[in-house]
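Here the sequence shown is numbered in this note's numbering, starting from 1 and rising by one per residue.
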Amino acid sequence: MLSGEIRQTFLDFFTERDHRVVPSSPLVPSDPTLLLTGAGMDQFKPYFLGRSEPDHPRAVSVQRCARTTDLDHVGRTTRHTTFFEMLGNFSFGDYFKEEATAWAWELLTRGFGLDPSRLWVTVYLDDDEAVRLWRRIGVPGERIQRLGMADNFWSMGVPGPCGPSSELHYDRGPAFGREGGPAVDGERHLEIWNLVFMQNVRGEGPSKEGYPIVGDLPAPSIDTGLGLDRLAAILQDVDTLMETDLVAPTLRLVQDLSGREYPGRDGGEESTSFRIVVDHARTIAFLIADGVLPSPEGRGYVLRRLMRRAVRHARLLGVDEPALPALTSCVVDTLGPAWPRLVDGRELIAQVCGAEEETFARTLRQGSRVLDSAIGRARSSGSTVLPGRAAFDLHNSYGFPFDLTVDAARAAGLTVDEDAFTALLEEQRRQAYEASRQRKGGEVARRDLYRRVAGEHGLTTFVGYDATSAESRVLALLDGSGRSVASASEGDEPEVILDRSPFYAEGGGQVGDTGTLRTSGGTVLEIRDTRPGLDGLHVHSARVVSGEIRTGDEAEAIVDAARRAATARSHSATHVLHAMLRRFLGEHAVQRGSRVEPGRLRFDFSHFAHVDVRHVQSLVNDYLMDDPEVRVWEAKRDEVMSPGFGLMAEAGAVALFGERYGERVRIVDIGNASRELCGGTHVGHGSQAGPLHILSETSIGTGLRRIEALTGPDALRHHDHEHALLHELAALLKVPPDQAPERLRQRLDTFAEAQRHLEALRASERAALADRLTGGAEILPGGIWLVTATVPDGVVSDAGDLRTLALETIARCPSGEGAVVLGARTGTAASLAAALTPCLAGSGLRAAELLTTAARTVGGGAGGKGGIATAGGRDTGRLDKAVAQAARTARELLTSAP
1 MLSGEIRQTF LDFFTERDHR VVPSSPLVPS DPTLLLTGAG MDQFKPYFLG RSEPDHPRAV
61 SVQRCARTTD LDHVGRTTRH TTFFEMLGNF SFGDYFKEEA TAWAWELLTR GFGLDPSRLW
121 VTVYLDDDEA VRLWRRIGVP GERIQRLGMA DNFWSMGVPG PCGPSSELHY DRGPAFGREG
181 GPAVDGERHL EIWNLVFMQN VRGEGPSKEG YPIVGDLPAP SIDTGLGLDR LAAILQDVDT
241 LMETDLVAPT LRLVQDLSGR EYPGRDGGEE STSFRIVVDH ARTIAFLIAD GVLPSPEGRG
301 YVLRRLMRRA VRHARLLGVD EPALPALTSC VVDTLGPAWP RLVDGRELIA QVCGAEEETF
361 ARTLRQGSRV LDSAIGRARS SGSTVLPGRA AFDLHNSYGF PFDLTVDAAR AAGLTVDEDA
421 FTALLEEQRR QAYEASRQRK GGEVARRDLY RRVAGEHGLT TFVGYDATSA ESRVLALLDG
481 SGRSVASASE GDEPEVILDR SPFYAEGGGQ VGDTGTLRTS GGTVLEIRDT RPGLDGLHVH
541 SARVVSGEIR TGDEAEAIVD AARRAATARS HSATHVLHAM LRRFLGEHAV QRGSRVEPGR
601 LRFDFSHFAH VDVRHVQSLV NDYLMDDPEV RVWEAKRDEV MSPGFGLMAE AGAVALFGER
661 YGERVRIVDI GNASRELCGG THVGHGSQAG PLHILSETSI GTGLRRIEAL TGPDALRHHD
721 HEHALLHELA ALLKVPPDQA PERLRQRLDT FAEAQRHLEA LRASERAALA DRLTGGAEIL
781 PGGIWLVTAT VPDGVVSDAG DLRTLALETI ARCPSGEGAV VLGARTGTAA SLAAALTPCL
841 AGSGLRAAEL LTTAARTVGG GAGGKGGIAT AGGRDTGRLD KAVAQAARTA RELLTSAP
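In C-alpha cells:
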C-alpha cells in the first residue's frame, strides 16, 4: 500500500466515525513554548486545557512534524527520522480509552491488514484499565508489557497536557533483533501507533520523565499518533524508513550523485550516511517551505545544523559538488502532490540551500587549513591527541563543527581531547553568563524597585489609545540612581510614575511618547521618553523645567500629538510593509525586528537575497492609497492560538516574534492583507500612513535583511530634497532633468577612461623610473645590489604608489641578493618604502628593519611583513635625511648578513 492510500484510509476510517478533518498546522508553531511542531496534538493544546472550545469534539489530521531530540539516532537505526507525518485522531472530552483502543486495533488489523499475532502492546506501569481493554480485544497477556514514564507517559516536553499512553508495536522478525517484545528490542518491535490518554497537567522539569504532575485536565481526552513512515515500511515490506515510496526517489538520487549503491540497513557507516542525507533533505525542504531560514539560533540553528550534517555526510559518500538543491528538489517532486506548500516554496528552497551550502563550503575550506596545521603540529610532536584548545578555536573562531574535527583527527590516527574541549566550551558559557549577570545587575535592582512601587501603588492605567491628554496623579518619583524621592526641583531629571497615563511606553518596536506634564501648582516637566518599567507600569523620563513636583501632586499629562501621529503613521506603514514583503517574497519573509519612530521606520525580516525595493515600495503605496480601514479589536489569547479561530494560519495573522501577550490580545487589521497582534498606536485609515519612501535595503546577517524607510510628510520632504538635487545636477550638466542620469553616466565613463589612461601613463613613468634607478644601483661587498633614492615630487601620488615603485625596482635586480630603499613626499606626508629580493627575505631579514630608524627621523613608524615594508611621518623637511639614514642601515644589515 502506497503512502497516499495509507493517508486516505486513515482519514476515511475516522471521518466515518464522526471525526472532523483538520488541516496540518505549520512546522513553526503559534505556541511560544515550542521550537517546532513535534506532534499532531500541538495545535489542539488550548482544547485539551479547556481554554478554548472546539467546533467539534472529534478531530482527525495528517500533521507534518519535526523533531531533533533523537538526532544522534537518526541514520544509525532503521526507525528514527527528523521529519515525519503523524496520522492522528483526537477526542476533546468525548470518547476515551475504550473507543481509542478498539478503533486502533480494528484499523491496523482490518483496514491495513496487519497480522494480529505480530502486534505487541505497551502500557504505563499502573494502567490496569488499559491492560483489561487490550485483553478484552484479544491481545494475549504475554504480548502486553508495562513500561515506565520515559516510554509510556507522554507530554509535549514542556508544561501542559499529558497522560499515560499505550503503544502498538509490530514484530518485524528475528532478522531485526532479539525476541522479547518492545521492552527488549525496539528495532525489531517497531512502534507504529501511540495512544495517549490525556488526563493530567505536567509542570516544569525534564523532558521525558521525572517531571511533576500538577493537576488534571478539565475532561479526559484522546491524542493518538500513527507514524506514516513506519506503517509504510511495514506495508511495503522494506527494511528501513528511507526505502518507502515517501523518500525512495531521494535515496536513488543520492546513489546517482555518489556513484555508490546503498549497502542496505547493515552497511555500517556508509549506510548511516545514506540515511542521514535522505532524511535531512526531506526535513530541510519542509522547514524552509514553512518559513524557517538558517540562522545562529533557535529553529534557524536547527535547520543550519541539519543542512551541514547533510552536506558532511554527502561528502563522506564522495559527493563533492553542491547537492542540497538537487536533493530538496527531489523531495518537492515526490511529496509536493500531498503537500502543495512544498511546490509553492520550490524556488525559495533551492536558493536557500544553494547559498547555505556555499557558505558551509567556505567554512570547511578555512577550517580545514587550520585543522590540518593543528594535526601536523600534534603528529610532529609525537602526540596521539589533538589538543582540546585546537578543537575549541576551530569551533569558536571558524564555526567548524566539532564532529568534523573528531572525524579528521581519527583519519589522521589521532583522538581529540574532548574533556578539554568541553571544559573550554563550558568556561566560555560561564564567562558569557557572568558578563550578562553583571551587565544586568543594575537593571535587576531597578526592576525590583519598580516592583515595590507597583506593589504599593498599583500599575499604570494606560488611556493613550483614546486620548493624548489625561488628568493624573504622581504616584512616585525616582532620582538618577533609582532611589525613591519625595520631590524634584527645576533642573532635576526624575523618573515619574503616574496612576493614569496617555503616554505610550516603548514596546513592539515603537518608541515611547514624549510631551509635557503640568501640575495643578504650575510646575512644568518635559517628558523626554516613556518606557515600561514592568509590564503595565509606565516610567516617564522627565526634566523639571520650572517649579517643584512632589509625590501625590495632581497633574495634566499631555502627549506631543504631532509626534504621536507621525509615529502612528510609521507603525501602520510597517504592518503594510510586512504584508507586502510576504506577498512579494513569500511567507518566509517574517519580521525579525523593527524600530518605529516619528516619520521613520526600520524593518528587519527573513530573506536570503537582495530585494527589489522599488517594487515593494509601489505595492505598499498602492495599498495605502486604496485607503483600507484600520480595525483594532481584541480576542482571548487562547482563541487566537486555536486552529479554528481563523487567525494565525488561516487568515494570515502574524504574532510578532518576542512579543509578550496577556490573556486578551489586541489585533490590528489593515484592510484584508494585514493582520497582526500589536499593542502599538495606529492611524484610522491606510491613506493616513502614506506615502512610504524606502531609503535602503541591506543585509544584516545570514538570511536577514533590513529596510529603512520614511513615511508621511517626512517621505514627501525627502522626495522634495531629491527632486531639488536632480534639478541642480541637471543644471550643472546643462540637460533637462530626465536626461541627467544618462548624461552623468557618459561623463563618468569619460572620466573613468581618462583615469585608465592616466594610470597607464603613471605605470609607464614608474617603469622608466625603475629602469633609471636600477642603472644607479650600488654594488656592496659580496655582490649585493642596493638602490637608494628620493623620488622627485609629483612622480608618485601616495604611499601605495611608492610601494609599487619599490617592488618594480626590486624585480629588476640582476642578482639573487638586493634591496631597494625609496623616499617621496606624498601630499603633506613623508613616505618611505623598502623591498628585498626573495633570497634575502628568505634568509630571515625583514624589510621593516631597514626603515625603523629612518621612520623616526620623519616622526613616524615603520611596518610590513617579510620582503616589503613602508613607513611615514609628517616631517617632510627631513625626508632626505631619513632616506640617507635608511641607506646606512641597509648597508650595515646587508654587509653583515650571513
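No residue lacks a Cβ here, since even glycine has one placed at the ideal position from N, Cα and C.
Helix, strand or coil at residue i according to DSSP, with G and I counted as helix
{"i": "N89", "result": "strand"}
{"i": "L656", "result": "Low confidence applies to L656: its pLDDT is 41, below 50, so where it sits in the model is not reliable, and the reading given next is rough at best. Coil, per DSSP."}
{"i": "K208", "result": "coil"}
{"i": "D321", "result": "One detail in the question is off: residue 321 reads as Glu in this sequence, not Asp. If DSSP states are grouped into helix, strand and coil, E321 belongs with coil."}
{"i": "G867", "result": "coil"}
{"i": "D419", "result": "helix"}
{"i": "P26", "result": "coil"}
{"i": "A689", "result": "coil"}
{"i": "S383", "result": "coil"}
{"i": "H540", "result": "strand"}
{"i": "A673", "result": "coil"}
{"i": "T698", "result": "strand"}
{"i": "V292", "result": "coil"}
{"i": "S329", "result": "helix"}
6 Å CB neighbourhood of residue i in its chain, flanking five on each side removed
{"i": "S674", "result": "H575, V576 and A579"}
{"i": "I558", "result": "S469, G515 and T516"}
{"i": "Y177", "result": "Here the sequence assigns Gly to residue 177, which means Tyr is not the residue at that position. Excluding residues within five positions, the ones whose Cβ falls inside 6 Å are D185, E187 and R188."}
{"i": "A841", "result": "G866 and G867"}
{"i": "M149", "result": "E209"}
{"i": "L108", "result": "L114"}
{"i": "A767", "result": "none"}
Contacting residues, own chain, Cβ-Cβ under 8 Å from residue i (five flanking each side not counted)
{"i": "T681", "result": "G464, Y465, Y504, Q510, R564, T567, A568 and H571"}
{"i": "D798", "result": "T826, G827 and S831"}
{"i": "E129", "result": "K97"}
{"i": "I700", "result": "D604 and R706"}
Span of the beta strand (DSSP E), counted from its first residue to its last, around residue i
{"i": "T224", "result": "I213 to G227"}
{"i": "N396", "result": "Counting along the chain, N396 falls outside any beta strand (DSSP E), though it belongs to the alpha helix (DSSP H) covering G388 to Y398."}
{"i": "Y170", "result": "G160 to D171"}
{"i": "V238", "result": "Careful: V238 lies outside any beta strand (DSSP E) and carries neither H nor E."}
{"i": "N152", "result": "Careful: N152 lies outside any beta strand (DSSP E), inside the alpha helix (DSSP H) at M149 to N152."}
{"i": "R705", "result": "L704 to T711"}
{"i": "A476", "result": "S469 to L478"}
{"i": "L190", "result": "H189 to R202"}
Residue nearest to residue i in terms of C-alpha spacing, selected from the options
{"i": "V331", "options": "L246, G367 and R766", "result": "L246"}
{"i": "R67", "options": "R891, R299, A834 and V735", "result": "R299"}
{"i": "V62", "options": "I234, G50 and L87", "result": "L87"}
{"i": "T81", "options": "T9, T272, V131 and V616", "result": "T272"}
{"i": "E209", "options": "V158, S166, A219 and E765", "result": "V158"}
First through last residue of the alpha helix (DSSP H) which encompasses residue i
{"i": "F10", "result": "S3 to T15"}
{"i": "L879", "result": "L879 to S896"}
{"i": "D42", "result": "Run containing D42: none; DSSP gives neither H nor E here."}
{"i": "A488", "result": "Where A488 is concerned, there is no enclosing alpha helix (DSSP H), although the beta strand (DSSP E) it sits in stretches over S487 to S489."}
{"i": "A368", "result": "Correcting the residue type first, residue 368 is Ser in the shown sequence and not Ala. Where S368 is concerned, the enclosing alpha helix (DSSP H) stretches over R346 to S380."}
{"i": "E849", "result": "A848 to T857"}
{"i": "T405", "result": "F402 to A411"}
{"i": "G307", "result": "Reading off the sequence shown, one finds Met at residue 307, where the question assumed Gly. Looking at the DSSP string, the run of the alpha helix (DSSP H) that includes M307 is G298 to L316."}
Close beta carbons around residue i, own chain, < 7 Å, minus the five adjacent residues each side
{"i": "E722", "result": "none"}
{"i": "G367", "result": "L394, Y398 and F400"}
{"i": "S704", "result": "Per the sequence presented here, residue 704 reads as Leu, with Ser not at that position. Closer than 7 Å at the Cβ level, and outside the excluded window around L704, lie R592, D604 and S606."}
{"i": "H53", "result": "With the sequence shown as reference, residue 53 is identified as Glu, and His is not the correct amino acid for it. Excluding residues within five positions, none has a Cβ falling inside 7 Å."}
{"i": "V683", "result": "A568, R569, S572, V630 and A689"}
{"i": "V214", "result": "V201, R202 and G203"}
7 Å Cβ cutoff, residue i in contact with chain C
{"i": "I694", "result": "Reference to chain C is not applicable here, since this structure consists of a single protein chain."}
Quick one: complete alpha helix (DSSP H) runs, 4+ long, within the segment 758-838?
Whole alpha helix (DSSP H) segments, 4+ residues: 799-810.
Could I get the ranges of all uninterrupted beta strand (DSSP E) runs contained in the segment 607-639, with 3 residues as the minimum, in chain order?
As far as the segment 607-639 is concerned, its whole beta strand (DSSP E) runs of at least 3 residues are 630-636.
Sequence ranges, beta strand (DSSP E) only - wholly within the segment 94-138, length at least 3
Residue ranges of uninterrupted beta strand (DSSP E) with 3 or more members, entirely inside the segment 94-138 and ordered along the chain, are 119-124.
Which parts of the segment 58-87 are runs of the beta strand (DSSP E), unbroken and 3 residues or longer, counting only runs that do not cross its ends?
58-66, all fully within the segment 58-87.
Ignoring anything shorter than 3 residues or poking outside the segment 497-530, list the beta strand (DSSP E) runs there in chain order.
As far as the segment 497-530 is concerned, its whole beta strand (DSSP E) runs of at least 3 residues are 515-519.
Tell me the start and end of each unbroken beta strand (DSSP E) in the segment 240-280 that is at least 3 residues and wholly inside, in chain order.
Counting whole runs of 3 or more residues, the segment 240-280 contains no beta strand (DSSP E) stretch at all.
Tell me the start and end of each unbroken alpha helix (DSSP H) in the segment 550-611 that is at least 4 residues and wholly inside, in chain order.
Qualifying alpha helix (DSSP H) stretches, in chain order: 561-585.
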